[in-house]
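Below is one structure, written out as structure tokens; the observations come after it.
Number of protein chains: 2
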Amino acid sequence: MSNGASKRVTQRDVARAVGVTPATVSYALNGLPGVSDELRERIKAVADEMGFRPSRLAVGLRLGRTNTLGLLLPDVANPFYPELASGVIEGASAEGMQVFVAQVGLDGRDHAPAVSALVDSHCEGLLFTAVLPHDIPMLADLRARGVPFGFINRRIEGFDADWVGIDDFAAAKELTSLVLEGRQRVAVFGGPERSSVSAGRAAGARAALAAAGRTPLPDGMVGDLTRESGVERARALFDARGPVDLVVCGNDVIALGVMDVCHERGFAVPDDVAVTGFDDMSFASAGPLRLTTVEVPRQEMGRQAVASLRRRMLGFTGEPQVVELPYTVRRRNTA
Amino acid sequence: MSNGASKRVTQRDVARAVGVTPATVSYALNGLPGVSDELRERIKAVADEMGFRPSRLAVGLRLGRTNTLGLLLPDVANPFYPELASGVIEGASAEGMQVFVAQVGLDGRDHAPAVSALVDSHCEGLLFTAVLPHDIPMLADLRARGVPFGFINRRIEGFDADWVGIDDFAAAKELTSLVLEGRQRVAVFGGPERSSVSAGRAAGARAALAAAGRTPLPDGMVGDLTRESGVERARALFDARGPVDLVVCGNDVIALGVMDVCHERGFAVPDDVAVTGFDDMSFASAGPLRLTTVEVPRQEMGRQAVASLRRRMLGFTGEPQVVELPYTVRRRNTA
DNA sequence: CTGAAAGCGCTTACAG
DNA sequence: CTGAAAGCGCTTACAG
Chain A
55 MSNGASKRVT QRDVARAVGV TPATVSYALN GLPGVSDELR ERIKAVADEM
105 GFRPSRLAVG LRLGRTNTLG LLLPDVANPF YPELASGVIE GASAEGMQVF
155 VAQVGLDGRD HAPAVSALVD SHCEGLLFTA VLPHDIPMLA DLRARGVPFG
205 FINRRIEGFD ADWVGIDDFA AAKELTSLVL EGRQRVAVFG GPERSSVSAG
255 RAAGARAALA AAGRTPLPDG MVGDLTRESG VERARALFDA RGPVDLVVCG
305 NDVIALGVMD VCHERGFAVP DDVAVTGFDD MSFASAGPLR LTTVEVPRQE
355 MGRQAVASLR RRMLGFTGEP QVVELPYTVR RRNTA
Chain B
55 MSNGASKRVT QRDVARAVGV TPATVSYALN GLPGVSDELR ERIKAVADEM
105 GFRPSRLAVG LRLGRTNTLG LLLPDVANPF YPELASGVIE GASAEGMQVF
155 VAQVGLDGRD HAPAVSALVD SHCEGLLFTA VLPHDIPMLA DLRARGVPFG
205 FINRRIEGFD ADWVGIDDFA AAKELTSLVL EGRQRVAVFG GPERSSVSAG
255 RAAGARAALA AAGRTPLPDG MVGDLTRESG VERARALFDA RGPVDLVVCG
305 NDVIALGVMD VCHERGFAVP DDVAVTGFDD MSFASAGPLR LTTVEVPRQE
355 MGRQAVASLR RRMLGFTGEP QVVELPYTVR RRNTA
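These protein sequence lines map, in sequence, to chains A and B. End of the first sequence = 389 in my numbering, gap-free, step of one. End of the second sequence = 389 in my numbering, gap-free, step of one.
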């Protein structure tokens, strides 16, 4: 025993033990009519005792339904995604579904191989968290194959699909307006150029500035959503212009990088340089940090996305569903 | 088209298109002998053009090998685990394996249902990140069924299995000795009582104190690895004893909670109260935080665990493999 | 070099 | 109320 050989108990084993055919075991265990109560109980008891568990592979092959969903996550240096994933996994598990997690490149580069592997494994639905416009051909192909999918967080202009997220534009505008006050020299450190989320946040910040009759500094508007990128952009910015009044960042991680540089140069936050983040990651509220930011309901986004996807998997073919969740501006100590 | 019906192209479709039997398609695509080069190329071309991809379900059922691995993660409020997961997913994907991710309760409670679902799906190996001693019966059952598994991070005293982690005892001892200096009143805020990792870290801290002829304060030794727990324990501690000299925390998240309370009470860190963390999570090095902690190679732990597990899946039956990775003590500004 | 057949573990009409 | 048969999509001995 325990020689590595599969010790799986099959339906047939149970059938033999009880003295019926496998079909009867199937009927009994799946609660279909046509089996006497007494026999059903006996089969259940034997199955339990033998530790029989139907093979999901066999059931999936036979039924053409696997109860499996695929989740595509970009590189997890960004703590935004794990919490999204947690919501997805929790929501899926509550519905008896399993989740294959695949990783795509930073910022969502190179979805194709991951999607292919997921489809090969009969995922019945896919959830994308970091789509970019160049993914459209792949998505169109997916749609043609009849594989349901949904977007979380990012979406693609002009390519409709179920989506769950927040109003990034409104949130960024509100945050920026709130902290703008008299600050004149304002930099906006956005995320990747083609990310709908980053674009929305940057546009919101610019709109707030415009409403106050100001324009942002042209420095560092586009970059990765990483701390390193925040550091590099902040250094370049401060080298060129000294301590500016406010840096509006595309997420909390960039803001961390900016604060690193403020610390390194001895600029007081927010007195010399005010900084805002976005997402309200767990560390943002920490005592020594107290980052001013926007809380995004990441777990809830994941859960809602599963709910939408499940409807599709069950055959719903209506218009793309848009779920816009509430956000909360958190004004703390950095702006 | 696109009515939700499965648009899967099967081997048989390809066979029909080429005018051969499905078996020939299988031989051709899998590079087996017995197919002329010319025919093989033609079959490959047609398969590609039709977008044929073998069903992993069918292949898995037929071969009894699914190339799938299951990863069990506790509640992801703790950023420790996503980075571990990233290493696992990356390592698996490099080997052509897919990863089912399942979530278990906080601190690893209630593994059983998740394990069961993973085994039902024919995962060929399981990776546990937060085992507890009471999981032994479940693990023994797994072993009896011939399902290979490995531990990352936590392990179980007296239950040998492949394990990847660091020497938590040595690391905690080194860190504590380094920052101890003249500090007399020292609290050790550990993690869950039965976690091998938390136990090792706490023991290491106590050993360092003992070596200096000191004993830790009895307050808050056991608790969850959460910020809330850090907050609660710090409040109770400071209520009872005022600002102690040093709080050695079981991880960075607890330390964050302690620093929240220092901030709230106006205690300067490290001058009034020194604080150490453990793990070196990304936020730990942030300018305003500069937490003194121990860097744990989380991604690498995940990758190595996949390598060990893969050997088992390929039939290796030798002694349990123990992989102890190097850690790095990071002395920054909080102690 | 190619084809027909069995079988992985299930489910579900269809007969009895 | 129960059993025999077909089939989901593959792979692999086994004949030809």
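Cβ atoms here follow ideal geometry from the backbone N, Cα and C, with glycine treated the same way. Treat the numbers as computed from the prediction; the structure is a model and nothing was measured.
For glutamate 95 of chain B, there is no enclosing beta strand (DSSP E); the enclosing alpha helix (DSSP H) has its first and last residue at 91–104. In this structure, DSSP gives glycine 141 of chain A a helical state, which the three-state scheme calls helix.
Around the CB of proline 87 of chain A, fewer than 16 other CB atoms lie within 10 Å, so the residue is classed as exposed. In this structure glycine 320 of chain A is exposed. Its beta-carbon is surrounded by fewer than 16 other beta-carbon atoms within 10 angstroms. When the beta-carbon positions are compared, valine 350 of chain A and aspartate 334 of chain A come within less than 8 Å of each other.
Ranked by how close their Cα comes to the Cα of alanine 389 of chain B, the residues B:Leu234, B:Ala215 and B:His176 have B:Leu234 in first place. When DSSP states are grouped into helix, strand and coil, isoleucine 190 of chain B belongs to the helix group. C-alpha of glycine 341 of chain B to C-alpha of arginine 255 of chain A: approximately 25 Å in a straight line. Here the region 157–165 of chain B makes no contact with the region 357–373 of chain A; the two share fewer than three CB pairs at distances below 8 Å.
With 16 or more other CB atoms across the displayed protein chains lying within 10 angstroms of its CB, glutamate 178 of chain A is buried.
Between arginine 352 of chain A and glycine 141 of chain A, the C-beta gap is smaller than 8 Å, which places the two residues in contact. The alpha-carbon separation between serine 283 of chain A and alanine 290 of chain A amounts to approximately 11 Å.
DSSP places aspartate 333 of chain B in the strand class (E or B) of the three-state scheme.
Apart from sequence neighbours up to five positions away, the residues of its chain that approach glutamate 144 of chain A with a beta-carbon distance below 7 Å are Arg357, ordered along the chain. Counted as a single uninterrupted DSSP element, the stretch harbouring alanine 131 of chain B is not any beta strand (DSSP E), since DSSP gives it neither H nor E. Across the structure, leucine 229 of chain B and aspartate 306 of chain B are spaced so that their CA atoms are roughly 13 Å apart. Not one beta carbon of chain B lies nearer than 8 Å to the beta carbon of glycine 258 of chain A. Put simply, the backbone Cα of leucine 271 of chain B is about 11 Å away from that of aspartate 299 of chain B. With 16 or more neighbouring CB atoms inside 10 Å of its own CB, glycine 244 of chain B falls in the buried class. Residue range 300–303 is occupied by the beta strand (DSSP E) that includes cysteine 303 of chain A. Against chain A, the beta carbon of arginine 199 of chain B has neighbours under 7 Å at Lys61, listed in chain order.
A direct Cα-to-Cα measurement between glycine 274 of chain A and glycine 304 of chain A gives close to 11 Å.
According to the DSSP assignment, threonine 382 of chain B belongs to the beta strand (DSSP E) that extends over 382–384. For the region 287–305 of chain B, the set of positions with a beta-carbon nearer than 9 Å to some beta-carbon of chain A is empty.
Three or more Cβ pairs closer than 8 Å define a contact, and the region 179–193 of chain B meets that threshold against the region 204–214 of chain B. Boundaries cannot be given for alanine 184 of chain A, as no beta strand (DSSP E) includes it and DSSP labels it neither H nor E. If you look at threonine 347 of chain B, you'll find it in the beta strand (DSSP E) that goes 347–349. Assigned with DSSP and collapsed to three states, phenylalanine 321 of chain B falls in coil, not helix or strand. Residues of the region 218–244 of chain A with a C-beta less than 7 Å from any C-beta of chain B: none at all. Nearest neighbour of aspartate 325 of chain B by Cα position, chosen from B:Phe332, B:Met313 and B:Ser336, turns out to be B:Met313.
With respect to leucine 345 of chain B, alanine 309 of chain B sits close: the two C-beta atoms are nearer than 8 Å. Close to valine 173 of chain B, with beta-carbon spacing below 8 Å, are these residues of chain A in chain order: Arg107.
In this structure the region 95–105 of chain A does not lie against the region 122–136 of chain A, because fewer than three pairs of beta carbons, one per stretch, are closer than 8 Å. The beta carbon of valine 377 of chain A is closer than 6 Å to those of Val218 and Gln358 in its chain, skipping five residues each way along the sequence. Taking a Cβ-Cβ cut-off of 8 Å, the neighbours of glutamine 157 of chain B in chain A comprise Ser140, Ile143, Glu144 and Ser147, given in sequence order. Interface residue (Cβ-Cβ distance to chain A less than 8 Å): serine 170 of chain B is classified as such.
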